[in-house]
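A.B. asks:
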Amino acid sequence: MGWKFAQLSDCHLGRRLSDIDKSLAEAIGSAVRTSLQAGFQLAHEKGCGVLLVPGNVFDVKGHSPDEQLQFFYQLVKSYPAMDVVVTPGNSDAYGGNNPYCFSRLPVNLHLFTSRQWEVLDIKGVSITGRAFLMGEGIPRMNWSEIPSPPRDRPSILLLHGTLEGVNDGLEHARSINPILQEDLYKCEFSFIALGHMMVQAELKHLNSDKALAAYSGPPQCFNWDEAGPGGVLIGELDRYGADLEFHRVASINWVRKTVSFPEPFIDGYESRLKKAISELEIQLKPHDMLHLSLHGEIPVSMKPQLENRLDAIKKSVVRLVEPDVSAMSFFSGIDPLNLPKDSLLYSFLNRCADLERDGRKDAEVVRLVRRLGWQLFTGQGMPLEITE
78 MGWKFAQLSD
88 CHLGRRLSDI
98 DKSLAEAIGS
108 AVRTSLQAGF
118 QLAHEKGCGV
128 LLVPGNVFDV
138 KGHSPDEQLQ
148 FFYQLVKSYP
158 AMDVVVTPGN
168 SDAYGGNNPY
178 CFSRLPVNLH
188 LFTSRQWEVL
198 DIKGVSITGR
208 AFLMGEGIPR
218 MNWSEIPSPP
228 RDRPSILLLH
238 GTLEGVNDGL
248 EHARSINPIL
258 QEDLYKCEFS
268 FIALGHMMVQ
278 AELKHLNSDK
288 ALAAYSGPPQ
298 CFNWDEAGPG
308 GVLIGELDRY
318 GADLEFHRVA
328 SINWVRKTVS
338 FPEPFIDGYE
348 SRLKKAISEL
358 EIQLKPHDML
368 HLSLHGEIPV
378 SMKPQLENRL
388 DAIKKSVVRL
398 VEPDVSAMSF
408 FSGIDPLNLP
418 KDSLLYSFLN
428 RCADLERDGR
438 KDAEVVRLVR
448 RLGWQLFTGQ
458 GMPLEITE
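Counting from 1, position 60 in the sequence shown corresponds to residue 137 in the working numbering; the numbering is continuous, with no gaps.
Okay, structure coming up:
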């Protein structure tokens, strides 16, 4: 059995959220704490001897950084049998007025405080790391400065920075401590715990299925743009890498969903419409945040059914962001679900469907002809695709 550990990072306790409603900002701040507590509890329940935190425990420029750090310290003290290893990142950089510098550390907390690489030996595993320092600017990786890991036992490197090829959904003004994948493959550490990116991502060893490096992402994301999804990594380590499991602990899940209603004149319209309606049966937890976009056209006769589905969603959550319906419209008149089978329009649409099923190369022309026929038969005039 391997050496059990947990990894979480980028909690950003105290982050300022001035661009959103105050009550929502307070709810997110509370969720960050709750999710962090859940991460510690999970690590304890899984029997992890060490919790790795590669950066950004709190925001030194956020709300009450001293209070945020004390909350974290109390969590650490609550699990005395679990060693917690922290490397300060760009948002909780060590030095200056950072409360790291003025508070007594819990006995089971190991904090890197130098820009020089340091090596710890914790429960038989070598752990190497360094701190971001306040005022030093953006550090650059110099792999020749990192002490070589021992070969006779597992080893871990804690790194805070931007790994090439990893996208966390955010637009970063610049890379923080850029890291190349080829450099990770060249290094001799058993596992590299990464922090800074707001997404869970993993890089395998070239010659095995074990993880060489991984981001846990934050235990709680702050908005829909962050890829998340919000959790903690539980791992077993040996000299050859880590076997990892990701566990969600986020109190608020940021759900983004688009439902597209079919064009009323396409083949298989009825089944496609039912499928679109069924996609509105969205399972949410009370504190989840849903960003719902509705696209396409829907018969006005089905408006009550749609409203009932949206009302059910509204009742299932504490806060509802109003659905985006700017790309959706209702149409009245001829109902495509109840076309008389002896009507000219029914025959016309069936003929178009036959042409499409035949696999014609000019399928887009058939689609436009079908739309032209539908709109002319129903008195809606020329389609925009043609008039433009």
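Think of the CB as a built atom: it goes at the ideal place given N, C-alpha and C, for glycine as much as any other residue.
Could you check what DSSP says for Q84 in three-state terms: helix, strand or coil?
C.D. replies: Of the three classes helix, strand and coil, the one that applies to Q84 here is strand, per DSSP.
A.B. asks: Alpha carbon to alpha carbon, what distance is there between I329 and M459?
C.D. replies: Note on M459: pLDDT 49, under 50, position unreliable in the model; no value is reported.
A.B. asks: According to DSSP, is K281 helix, strand or coil?
C.D. replies: Three-state result, K281: strand.
A.B. asks: Taking a contact to mean a Cβ-Cβ separation below 9 Å, would you say V326 touches Q360 in this structure?
C.D. replies: Going by C-beta atoms, V326 is not nearer than 9 Å to Q360.
A.B. asks: I need the straight-line Cα distance from F179 to G172, nearest angstrom please.
C.D. replies: Going by the C-alpha atoms only, they are around 10 Å apart.
A.B. asks: Rounded to a whole number of angstroms, what is the C-alpha to C-alpha distance between E358 and L350?
C.D. replies: So the alpha carbons of these two residues sit roughly 14 Å apart.
A.B. asks: Mind listing, in chain order, the continuous alpha helix (DSSP H) runs of no fewer than 4 residues lying wholly within the stretch 271 to 320?
C.D. replies: Here no run is fully enclosed.
A.B. asks: Flag this pair as yes or no: are the beta carbons of I233 and L129 separated by less than 9 Å?
C.D. replies: Cβ atoms of I233 and L129: closer than 9 Å.
A.B. asks: When the Cα of I354 is compared with those of A389, S112 and D320, which residue comes out closest?
C.D. replies: For the residues A389, S112 and D320, the minimum Cα distance to I354 belongs to A389.
A.B. asks: How would you write the range of the alpha helix (DSSP H) that H121 sits in, first residue to last?
C.D. replies: First-last of the alpha helix (DSSP H) with H121: K99 to E122.
A.B. asks: Helix, strand or coil, according to DSSP, for M218 in the structure here?
C.D. replies: Coil, per DSSP.
A.B. asks: Starting from D160, follow the beta strand (DSSP E) in both directions and report where the run begins and ends.
C.D. replies: First-last of the beta strand (DSSP E) with D160: D160 to V163.
A.B. asks: Just mark W80 as buried or exposed, buried being the case when its beta carbon has 16 or more other beta carbons within 10 Å.
C.D. replies: By the neighbour-count rule (16 or more Cβ atoms within 10 Å), W80 is buried.
A.B. asks: Since P376 is in the alpha helix (DSSP H), which residue starts that stretch and which ends it?
C.D. replies: First-last for P376: M366 to P376, but that is the beta strand (DSSP E), not the alpha helix (DSSP H).
A.B. asks: Locate the beta strand (DSSP E) running through I204, then write down its first and last residues.
C.D. replies: Looking at the DSSP string, the run of the beta strand (DSSP E) that includes I204 is V202 to G206.
A.B. asks: Tell me the rounded alpha-carbon separation between I463 and H372.
C.D. replies: Here I463 scores only 46 on pLDDT, less than 50, and its place in the model is too uncertain to base an answer on.
A.B. asks: Rounded to the nearest angstrom, how far is the Cβ of L261 from that of A290, given a contact under 8 Å?
C.D. replies: Contact flag correct, Cβ pair sits at about 5 Å.
A.B. asks: Quick one: measure Cβ to Cβ for S86 and P306, integer angstroms, because I've assumed they're closer than 8 Å.
C.D. replies: Actually they are not in contact, since the Cβ atoms of S86 and P306 sit about 14 Å apart, beyond 8 Å.
A.B. asks: Per the DSSP calculation, S194 is bridged to which residue(s)?
C.D. replies: As written in the sequence, residue 194 is Trp, which differs from the Ser given in the question. None, per the DSSP bridge assignment.
A.B. asks: Note down the Cα distance separating S406 from M275, rounded to an integer number of angstroms.
C.D. replies: In a straight line, the C-alpha of S406 is about 36 Å away from that of M275.
A.B. asks: Taking 8 Å as the threshold, find out whether the stretch 366 to 380 comes into contact with the stretch 332 to 340 through three or more Cβ pairs.
C.D. replies: A contact exists between the stretch 366 to 380 and the stretch 332 to 340.
A.B. asks: What do you reckon, are the CB atoms on R333 and W301 nearer than 9 Å?
C.D. replies: Yes, the Cβ-Cβ distance between R333 and W301 is below 9 Å.
A.B. asks: Please name the residue, chosen from P165, L387, S155 and H187, that lies closest to V137 on a Cα-to-Cα basis.
C.D. replies: Per the Cα distances, P165.
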